[in-house]
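Novice: Would you mind keeping the following structure in view while I ask a few things?
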Amino acid sequence: MQGESDKCYACRELQRFYTKGTTKFNQTKYGRCCKSDKIVYIHESCECFVRKPQIKKRRKYMLELCLNDLLTEISEIRKILEAENEREDVQ
Numbered sequence: 016m017q018g019e020s021d022k023c024y025a026c027r028e029l030q031r032f033y034t035k036g037t038t039k040f041n042q043t044k045y046g047r048c049c050k051s052d053k054i055v056y057i058h059e060s061c062e063c064f065v066r067k068p069q070i071k072k073r074r075k076y077m078l079e080l081c082l083n084d085l086l087t088e089i090s091e092i093r094k095i096l097e098a099e100n101e102r103e104d105v106q
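In the working numbering, the protein residues as written are 16 to 106.
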């Protein structure tokens with residue numbers, strides 16, 4: 016039996032599917048296996064498994080993503096506050 020780490024989500028051959036969210040793309044629990052050319056569930060495992068290489072700069076990348084999300088939220092809050100101020104000025 017294969018180990019817990021031999022799941023499709025850790026495989027180099029998986030091309031994960033995404034759905035479009037409000038501010039970013041969200042991962043789904045399914046993807047396409049390039050070796051077997053089938054749609055697979057990310058917690059499956061198969062004989063085509065090849066471990067993904069580890070990304071050394073992942074921490075910096077994740078920090079940049081979080082900061083980008085925060086800036087987007089702050090911008091949206093600013094737009095809402097400006098719209099409320101304009102409405103109050105008209106009245």
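Note that CB positions come from ideal geometry on N, CA and C, so glycine has one too.
#1: Counting pairs of beta carbons, one from the segment 21 to 39 and one from the segment 54 to 67, are three or more of them closer than 8 Å?
#2: Below 8 Å on the Cβ atoms is my guess for I54 versus K44; work out the distance and round it to an integer in Å.
#3: Return yes when at least one heavy atom of the ligand ZN lies under 7 Å from the C-beta of A98, else no.
#4: What would DSSP say about K39, mapped onto helix, strand or coil?
Specialist: So, from the data block:
#1: Touching, yes, given that three or more Cβ pairs across the two stretches are closer than 8 Å.
#2: Counted from its first residue, the sequence shown places residue 54 at position 39. Counted from its first residue, the sequence shown places residue 44 at position 29. Contact doesn't hold; Cβ gap of about 11 Å is too wide.
#3: As far as ligands go, the structure on display features none, and thus does not contain the ligand ZN.
#4: Here residue 39 is taken as the residue at index 24 of the sequence shown, counted from 1. In the three-state reduction of the DSSP assignment, K39 falls in the coil class.
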